[in-house]
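Colleague:
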Amino acid sequence: MAQLRRNPECDAMPHRRTAPPGGTGDLLQTLGDLTGRILDRIKFQQARVELAAALQRQVLAAELPVLPCLHAAGRYAPARAGLDIGGDWYDGFHMPDGSVGFVIGDVQGHDVEAAALMGQVRTCLRAVATATTDPSEVLRRTNDLLVSMNSGLFVTCSFLRFDPVTKELADARAGHVPAVWAADDGRCDIVLNEGGLPLGIQAGEKYPSTRRSLTDVGVFVLVTDGLVEGPSYPIEEGLERVAALAGGGACRSDPDELARRIIRVADATGHSDDAAVLVLRYGGLQREQWQGEG
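Here the sequence shown is numbered in full-length UniProt numbering, starting from 1 and rising by one per residue.
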C-alpha cells in the first residue's frame with residue numbers, strides 16, 4: 001500500500017482565519033452606539049437639571065415684603081440626592097387689600113417635574129390672592145385648580161395673611177408641617193391648628209384658618225419637612241429644636257440670622273430631601289436695634 005506524502009508547499013501556505021459572527025468589529029460598533037446613547041442621556045439630564053435649577057432660582061430670588069412692624073427672611077437647602085433641586089419654596093407678596101401674603105410649600109419629589117409644578121403653584125397662589133385674601137379660600141381655590149390640572153403630584157403648604165393695620169395674622173394649612181411660634185417673654189409653642197389635605201388630591205377640600213393677634217415681640221417660623229425630619233430623626237424632635245432656636249432672646253435678633261441658624265437643623269436630621277424655612281419677625285423694635293444684636 002502506497003504511503004501518502006505531505007506536500008511541503010501546502011505546509012508553507014498561510015492559514016486564513018474567518019472572523020466569527022459578533023467579533024471585534026461588531027463589538028466595537030455596539031460599544032460606540034452605547035457610548036453615543038449614554039452621552040445623549042447625560043446631555044438630556046444636564047438640560048433637565050439646568051431647567052429645574054433656573055425655575056427654582058426664579059422662584060426663590062423674589063424679594064420678601066418688608067413692613068415697619070414685620071420683617072421676613074427665608075433660607076433654602078438643596079436635596080442631597082436626585083437632581084440637587086426640588087419642590088420646596090417660600091414666597092411673600094403684597095395683596096390688593098393692603099395685607100401681605102406669605103407662603104411656604106413642598107411639592108412631592110425633587111426632580112424637574114417637582115420644580116416645574118412648584119412654579120405653577122406659586123403663580124396660582126398669587127393669582128388667586130388677587131381675588132380673595134382669606135387663607136382658607138386661597139388654599140381652597142388653588143387646590144381645585146391643581147386637581148383640574150391632574151399633574152399626579154401633590155403639594156403641602158401653609159398660607160398666611162398679615163394685616164399691618166390690625167396686626168392680625170391668619171393662617172391655613174394644607175397637609176403641611178406645623179409652624180413654630182415664640183414670644184420675647186419666653187413663651188413658645190408648636191402651632192398644631194387643624195388643616196386640610198395636601199393640595200391637588202381631592203376637589204372641594206376645606207382648609208380651616210386660625211387667627212392670632214401679633215401685639216408683642218416674637219417670631220412665627222415655618223419650615224418644610226426636609227428640615228425637621230430624617231431617616232432616623234423624628235419630626236417632633238426637629239420641631240422642638242426649631243422652637244429652642246426661635247425662643248427667648250432670638251426673637252430680638254436679625255430674622256435673616258435666625259433663618260440661617262434654623263436651616264442648619266437639616267444637617268442634624270441627615271435629610272435626603274430639600275429644605276426651606278421662612279421666619280416672620282414681628283414687634284415694635286426698629287431695624288437698627290435688631291441689626292445690632294445679631
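Backbone N, C-alpha and C fix where the C-beta goes; we use that ideal spot for every residue, glycine too.
1. Cβ of residue 154 within 7 Å of Cβ of residue 172?
2. Taking 6 Å as the limit between beta carbons, can you name the residues of its chain near residue 278, skipping five residues before and five after?
3. Fully enclosed by the stretch 201-253, which alpha helix (DSSP H) runs are 4 residues long or longer?
4. Going straight from the alpha carbon of residue 216 to that of residue 201, what length do you get?
5. Could you have a look at residue 131 and say whether DSSP puts it in helix, strand or coil?
6. To the nearest angstrom, how far is the alpha carbon of residue 117 from that of residue 24?
7. Report yes or no: do the stretch 177-194 and the stretch 243-263 share at least 3 C-beta pairs separated by less than 8 Å?
8. Pick helix, strand or coil for residue 156, following the three-state DSSP scheme.
9. Please name the residue in 259, 231, 209, 152 whose C-alpha comes closest to that of residue 196.
10. Quick check: the Cα distance between residue 286 and residue 218, rounded to an integer number of angstroms?
11. Counting C-beta neighbours from all protein chains within 10 Å, is the total for residue 189 16 or more, i.e. buried, or is it exposed?
12. If I measure Cβ to Cβ from residue 151 and keep anything under 7 Å in the same chain, skipping five residues before and after, which residues do I get?
13. Identify whether residue 291 lies in helix, strand or coil by the three-state DSSP scheme.
Modeller: Here's the rundown:
1. As a position in the sequence shown, residue 154 is number 154, starting the count at 1. As a position in the sequence shown, residue 172 is number 172, starting the count at 1. Contact flag unset, no.
2. Locating residue 278 in the sequence shown gives position 278, counting from the first residue. For residue 278, where only same-chain residues beyond five positions count, the Cβ hits under 6 Å are 74, 90, 104, 222.
3. 225-228, 235-246
4. In the sequence shown, counting from the first residue as 1, residue 216 sits at position 216. In the sequence shown, counting from the first residue as 1, residue 201 sits at position 201. Approximately 38 Å, taken between the alpha carbons.
5. Against the sequence shown, residue 131 aligns to sequence position 131. DSSP places residue 131 outside both helix and strand once states are collapsed to three, so it counts as coil.
6. Start at 1 with the first residue of the sequence shown, and residue 117 comes out as number 117. Start at 1 with the first residue of the sequence shown, and residue 24 comes out as number 24. Cα to Cα, residue 117 sits roughly 48 Å from residue 24.
7. yes
8. Taking the first residue of the sequence shown as position 1, residue 156 is located at position 156. The answer is strand: DSSP assigns residue 156 an E or B state.
9. Indexing the sequence shown from 1 puts residue 196 at position 196. Comparing Cα-Cα distances from residue 196 to each of 259, 231, 209, 152, the minimum goes to 209.
10. In the sequence shown, residue 286 corresponds to position 286, counting from 1. In the sequence shown, residue 218 corresponds to position 218, counting from 1. Unreliable positioning characterises residue 286 in this predicted model, as indicated by a pLDDT of 41, which lies under 50. The coordinate reading is nonetheless provided below. Going by the C-alpha atoms only, they are around 13 Å apart.
11. Position 189 of the sequence shown, counting from 1, holds the residue named residue 189. Result: exposed.
12. Counted from its first residue, the sequence shown places residue 151 at position 151. Within the same chain, residue 151 has close Cβ partners 117, 200.
13. For the purposes of this step, residue 291 is taken as residue 291 along the sequence shown, with counting starting at 1. In this predicted model, residue 291 has a pLDDT of only 35, less than 50, meaning its place in the structure is not dependable; the value taken from the coordinates is given anyway. If DSSP states are grouped into helix, strand and coil, residue 291 belongs with the helices.
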